[in-house]
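Reviewing the structure listed below.
Okay, structure coming up:
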């Protein structure tokens with residue numbers, strides 16, 4: 210399990226997360242929805258071990274990483290009392306910005322982080338994802354020669370090459386059209402079926418209804434409503450009802 214327990218995170222005087230708790234389970238997809246500036250990406254970064262909370266803790270398996278845990282000598286976050294906590298590659302993130310190296314081909318971008326994991330057949334894994342994500346026609350191009358949807362598939366393939374236990378996706382379809390979004394989202398249930406836990410920050414509410422095991426609505430740094438995907442059909446809080454209405458008007 211990967212979980213946040215009562216997280217508080219401040220950036221200067223601004224409190225971005227206020228007592229947030231959320232648990233991700235292997236083989237389940239959690240959709241995190243909410244308005245811009247609600248704390249979604251900060252929560253994702255905390256779950257990935259990229260942000261140390263000011264209060265609360267992160268749990269990865271049987272490891273508990275508390276905000277008040279003293280740092281072992283020379284250790285940087287994330288750490289436990291005994292030393293660094295190995296979040297990577299067990300927890301892998303695909304950010305909206307993609308972060309592809311412009312001087313490397315898309316193939317080289319995919320293989321680069323996997324080279325740090327010896328003892329695996331990286332070429333066979335790459336061939337699998339090239340076929341699965343239909344990338345053969347552009348895999349040897351450079352990022353500036355690829356479309357947004359193509360680069361998005363590359364970023365996802367790069368993450369999947371690491372075989373993470375948990376895959377965290379930060380609004381990866383926000384800049385894509387409907388067809389490109391469908392292409393990327395359609396294989397996520399298959400990953401879930403193979404035991405991978407997935408967190409998806411998304412505005413694709415119809416996909417969340419169909420594929421998510423859990424939906425959490427965050428606003429103002431607090432999770433105001435969480436439960437099975439059916440809550441998107443019958444929200445209980447006024448905030449989620451308003452969010453759903455606004456989303457319907459924008460679609």
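Residue numbers (this note's numbering): 210 to 460.
Glycine residues also receive a C-beta, built at the ideal position from the N, C-alpha and C atoms.
**Prompt:** Are the beta-carbon atoms of residue 363 and residue 315 separated by less than 8 Å?
**Reply:** In this structure, residue 315 lies closer than 8 Å to residue 363 by Cβ.
**Item:** Given residue 320 as reference, the closest of 222, 220, 353 and 370 once Cα atoms are compared
**Value:** In terms of Cα proximity to residue 320, the closest of 222, 220, 353 and 370 is 370.
**Item:** Buried or exposed by the 16-neighbour rule on C-beta atoms within 10 Å, applied to residue 329
**Value:** Exposed: under 16 other Cβ atoms inside 10 Å.
**Request:** Hey, could you find the ends of the alpha helix (DSSP H) residue 416 is sitting in?
**Result:** It spans 414 to 420 - the alpha helix (DSSP H) in which residue 416 sits, taken as one unbroken run.
**Status (buried if at least 16 other CB within 10 Å, exposed otherwise) for residue 430** = Around the beta carbon of residue 430, 16 or more other beta carbons lie within 10 angstroms, which makes this residue buried.
**Request:** Taking all protein chains shown into account, decide if residue 426 is buried (16 or more other Cβ within 10 angstroms of its Cβ) or exposed.
**Result:** Buried.
**Item:** Delimiting residues of the beta strand (DSSP E) encompassing residue 234
**Value:** Neither: residue 234 is in no beta strand (DSSP E) and is coded neither H nor E.
**Request:** Ignore the nearest five residues each way along the sequence and tell me which others in residue 404's own chain have a CB closer than 7 Å to its CB.
**Result:** Taken in chain order, the residues that qualify are 235 and 236.
**Request:** With DSSP as the reference, please indicate the residues paired to residue 388 in a beta bridge.
**Result:** Answer is none; residue 388 lacks a bridge partner.
**Message:** For a test of the three-state rule: what should DSSP assign to residue 293, helix, strand or coil?
**Reply:** Of the three classes helix, strand and coil, the one that applies to residue 293 here is strand, per DSSP.
**Item:** Top-ranked residue by Cα proximity to residue 301, from 449, 375, 451 and 218
**Value:** Looking at 449, 375, 451 and 218, the one whose alpha-carbon comes closest to that of residue 301 is 375.
**Asked** Where does the unbroken alpha helix (DSSP H) through residue 250 begin, and where does it stop?
**Response** Element bounds for residue 250: 249 to 256.
**Message:** Let's see if you can read the secondary structure: which residues bound the beta strand (DSSP E) around residue 264?
**Reply:** Taken as a continuous stretch (DSSP letters only), the beta strand (DSSP E) holding residue 264 covers 264 to 269.
**Prompt:** Whose C-beta lies closer than 6 Å to the C-beta of residue 287 among residues of the same chain, with five residues either side of it excluded?
**Reply:** Within the same chain, residue 287 has close Cβ partners 258, 274, 294 and 296.
**Message:** Quick check on residue 379: does DSSP put it in helix, strand or coil?
**Reply:** In the structure shown, residue 379 falls within a strand segment according to DSSP collapsed to helix, strand and coil.
**Request:** Would you list the residues sitting across from residue 303 in a DSSP beta bridge?
**Result:** The partner list for residue 303 (beta bridge, DSSP) reads 378.
**Asked** So, is residue 442 buried or exposed, given that buried needs 16 or more other C-beta atoms within 10 angstroms?
**Response** It is exposed - the Cβ of residue 442 has fewer than 16 other Cβ atoms within 10 Å.
**Prompt:** On the three-state DSSP scale, how would you describe residue 428?
**Reply:** Three-state DSSP puts residue 428 in a strand.
**Request:** With residue 219 as the anchor, note down where its beta strand (DSSP E) starts and where it stops.
**Result:** First-last of the beta strand (DSSP E) with residue 219: 211 to 220.
**Prompt:** If you count every other CB in all the chains shown that lies within 10 Å of the CB of residue 266, and 16 or more means buried, which is it?
**Reply:** With 16 or more other Cβ atoms within 10 Å, it is buried.
**Message:** According to DSSP, residue 242 sits in a beta bridge with which residue or residues?
**Reply:** Listed as beta-bridge partners of residue 242 by DSSP are 426.
**Prompt:** Can you tell me whether residue 166 is buried or exposed, with buried defined as 16 or more other CB within 10 angstroms of its CB?
**Reply:** This structure cannot speak to residue 166, because the chain is shown only from 210 to 460.
**Delimiting residues of the alpha helix (DSSP H) encompassing residue 400** = Here the alpha helix (DSSP H) through residue 400 covers 397 to 402.
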